[in-house]
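What follows is a single structure, written as structure tokens, with notes after it.
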Amino acid sequence: MLRIKNLHGVKQPRYPWSDGPEWITQCPIQPGSRFNQKVVLSNEVGTLWWHAHSDWSRATVHGAIVVYPKKKYDYPFLKPHAEIPIILGEWWKSEIQAVLNESLQNGGDPNVSDAYLINGQPGDLYPCSTQDTFKLTVDYGKRYLLRMVNAVMNNIMFVRIANHNVTVVGSDGAYTKPFTSDYIAISPGQTIDFLLEANQQPSHYYMAARVYAAAGTYDNTTTTAIVQYSGNYTPPSSPLLPSLPAINDTFSSANFTGRLRSLADKNHPIDVPLTVKTILFFTLSINTRPCANNSCQGPFGERLLASVNNITFQLPRIAILQAYYNRIRGVYGNDFPKDPPVAYNYTAAVIPRDLWTPENGTEVRVLEYNTTVELVFQGTNTVAGIDHPMHLHGQSFYVVGWGFGNFDKDKDPLNYNLVDPPHQILLQFLEMAGQLSDSGQTIQVFGSCIAIWRGI
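See below:
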């Protein structure tokens with residue numbers, strides 16, 4: 005069965021059925037059939053990406069999308085001498101569908117990957133051929149725009165180039181206020197555009213990437229590429245390897261993402277909605293469900309699941325948009341809760357097990373067209389504290405606030421950034437059981453809920 009592709013971050017105005025996961029916007033494309041996909045760009049600029057969107061096929065079927073300004077080099081930053089896509093990925097010794105199927109059958113975590121990749125190559129630190137390590141050749145004194153995509157399945161990645169700082173200028177198809185950093189923290193599905201100044205002693209330097217993970221299982225390996233200066237010199241026997249933040253360095257992960265701000269100048273204005281019609285509060289949790297004879301490989305022999313407001317989504321057998329437009333009854337319900345069904349201390353170090361089990365449901369939230377929505381994502385510490393990368397198909401949003409702990413609807417909105425919040429299509433937030441005295445994280449978003457918009 006052919007995989008539907010997701011144009012990750014392309015808004016596709018008034019053309020949503022050409023983009024998205026199977027059974028949501030359209031049915032899967034059948035073997036032997038054809039489907040022409042229409043791409044509708046609007047105000048995106050910078051780096052986006054596309055990937056297959058059925059099961060885990062995106063691990064191997066993906067690529068970058070570059071949207072230039074109307075005048076190709078009309079950038080709000082110094083013109084680069086060259087532009088290079090950098091795609092982070094990962095690789096299993098097994099066929100990727102087999103990895104997923106095994107996890108679904110045993111109910112536990114999927115097997116971690118065997119290597120991370122930079123532009124399709126694992127690099128010198130793995131027991132593989134080093135002949136194919138990706139090499140980026142630069143000229144001393146020149147400036148390079150690196151367009152980075154994190155196509156890793158589920159992990160935030162730390163990235164650093166030895167002896168070099170970088171200047172971040174864009175993320176998720178939008179310009180950002182430039183800031184300088186000696187490392188990148190990039191979420192799965194996120195893009196980061198940054199400038200690299202080739203201003204060091206001509207030599208070979210490693211670009212290295214490894215996971216950030218506060219909890220859970222993960223691939224504890226490091227992938228490398230080589231930044232090599234042109235010219236006549238004797239290269240080192242081994243390039244200089246940068247030191248990366250610790251794998252569980254929550255401060256470095258959150259601090260980098262927290263520095264992202266919209267450019268918000270006269271040529272790139274923002275339009276943060278100030279009057280909100282609908283407020284949604286969504287808890288995101290890892291859950292468990294009992295298995296016969298405690299035969300699954302999740303905690304207490306149960307099956308691992310995920311939920312939003314305690315509902316684990318069940319795929320229908322008719323695409324939801326098809327059912328909506330054709331008024332087919334019984335495919336989905338329209339009473340997805342705007343608040344969690346039970347209020348509790350979402351970020352307590354220990355949460356009672358009777359709160360771990362979710363309900364099944366194929367529920368949506370129906371919104372009137374042109375509705376302004378404030379959406380709060382609240383991490384919980386049921387089962388384990390892990391990372392949640394979140395994105396909306398066909399929508400972008402302003403991340404106006406974030407923080408650790410339980411969201412306070414009276415106090416936290418007073419600190420929203422309504423001046424230059426980042427305009428994104430993806431966000432990351434964390435659950436960190438036992439790591440902080442007030443653990444868990446909340447994200448407040450102005451934008452659109454994952455929902456059916458009535459009237460389009």
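Residues are numbered in my numbering as their position in the sequence shown, beginning at 1, plus a constant of 4. The C-beta atom is built at its ideal place from N, Cα and C for all residues, glycine as well.
Neighbourhood of residue i by C-beta, 7 Å cutoff - its chain only, sequence neighbours within 5 removed
i: S452; result: Confidence at S452 is low in this model, with a pLDDT of 28, below 50, so its placement is unreliable and no value can be given for it.
i: C295; result: G111, G305, E306, R307
i: R263; result: F183
i: A352; result: N385
i: W21; result: T29, Q30, L325
i: G67; result: W53, W54
i: V185; result: Note that residue 185 is Ser in the sequence shown, not Val. Cβ within range, chain order: N169, V170, V172, F260.
i: F39; result: I33
i: D275; result: none
Other residues of its chain near residue i: CB distance less than 6 Å, five sequence neighbours each side excluded
i: G459; result: At G459 the pLDDT is 43, less than 50, meaning the model places this residue with poor confidence; the figure from the coordinates comes in the next sentence. Here the set comprises Y373.
i: I90; result: L150, M152
i: T228; result: G127, D128, L129, Y210, A212
i: T316; result: L309, P362, N364
i: T226; result: L129, A212, R214
i: Q382; result: T287, Y350, F411, T446
i: P84; result: R147, Y148, L149
i: W60; result: I100, L104
i: T366; result: Q318, P320, Y336
i: Q301; result: N110, G111, G112
i: P239; result: H208
i: G235; result: P206
Beta-carbon proximity check, residue i vs residue j, cutoff 7 Å
i: P303; j: T287; result: no
i: L45; j: H12; result: no
i: V71; j: E87; result: no
i: F138; j: N123; result: yes
i: A218; j: N252; result: yes
i: L92; j: N169; result: no
i: Y179; j: P80; result: yes
i: Q16; j: D176; result: no
i: V231; j: L140; result: yes
i: P417; j: V403; result: no
i: Y222; j: V116; result: yes
i: A189; j: S266; result: no
i: P249; j: F162; result: yes
i: V370; j: N338; result: yes
i: Y329; j: V368; result: no
i: T375; j: T254; result: no
i: P345; j: N314; result: yes
i: Y233; j: Y144; result: yes
i: D118; j: A268; result: no
Unbroken beta strand (DSSP E) run spanning residue i, endpoints
i: V231; result: 227 to 233
i: L288; result: 282 to 293
i: V365; result: The sequence shown places Gly at residue 365, rather than the Val named in the question. 363 to 365 is the span of the beta strand (DSSP E), which, as asked, contains G365.
i: N154; result: 147 to 154
i: L200; result: 195 to 201
i: I122; result: 119 to 122
i: Y210; result: 208 to 216
i: F162; result: 160 to 165
i: S185; result: 178 to 185
i: T171; result: 170 to 175
i: I190; result: 188 to 190
i: L140; result: 139 to 142
i: E372; result: 370 to 372
For residue i, the first and last residue of its enclosing alpha helix (DSSP H)
i: G305; result: No alpha helix (DSSP H) contains G305, which DSSP labels as neither H nor E.
i: Q382; result: No alpha helix (DSSP H) holds Q382; the beta strand (DSSP E) holding it covers 377 to 383.
i: F408; result: No alpha helix (DSSP H) contains F408, which is instead part of the beta strand (DSSP E) from 401 to 408.
i: F260; result: 254 to 262
Cβ distance (whole Å) where residue i is taken to contact residue j below 8 Å
i: A56; j: E94; result: Contact doesn't hold; Cβ gap of about 15 Å is too wide.
i: I290; j: A310; result: 6 Å
i: V173; j: D197; result: 5 Å
i: G405; j: Y420; result: 5 Å
i: Y237; j: S207; result: 7 Å
i: L244; j: N167; result: 6 Å
i: W27; j: P320; result: 6 Å
i: V156; j: Y187; result: The pair is not a contact, with the Cβ atoms about 16 Å apart (cut-off 8 Å).
i: G220; j: A388; result: 6 Å
Own chain residues within Cβ distance below 8 Å of residue i, not counting five before or after
i: S247; result: R164
i: Y19; result: K42, V44
i: P73; result: V49, Y79
i: N271; result: P80
Heavy atom of the ligand ADP within 6 Å of residue i beta-carbon
i: N330; result: With respect to the ligand ADP, the structure offers nothing, as it holds no ligand at all.
- List in chain order: all unbroken alpha helix (DSSP H) runs of 4+ residues lying wholly within the stretch 33 to 115. 100 to 110
- Could you give the uninterrupted runs of the alpha helix (DSSP H) lying entirely in the stretch 308 to 365, keeping only those of 4 residues or more? 324 to 329
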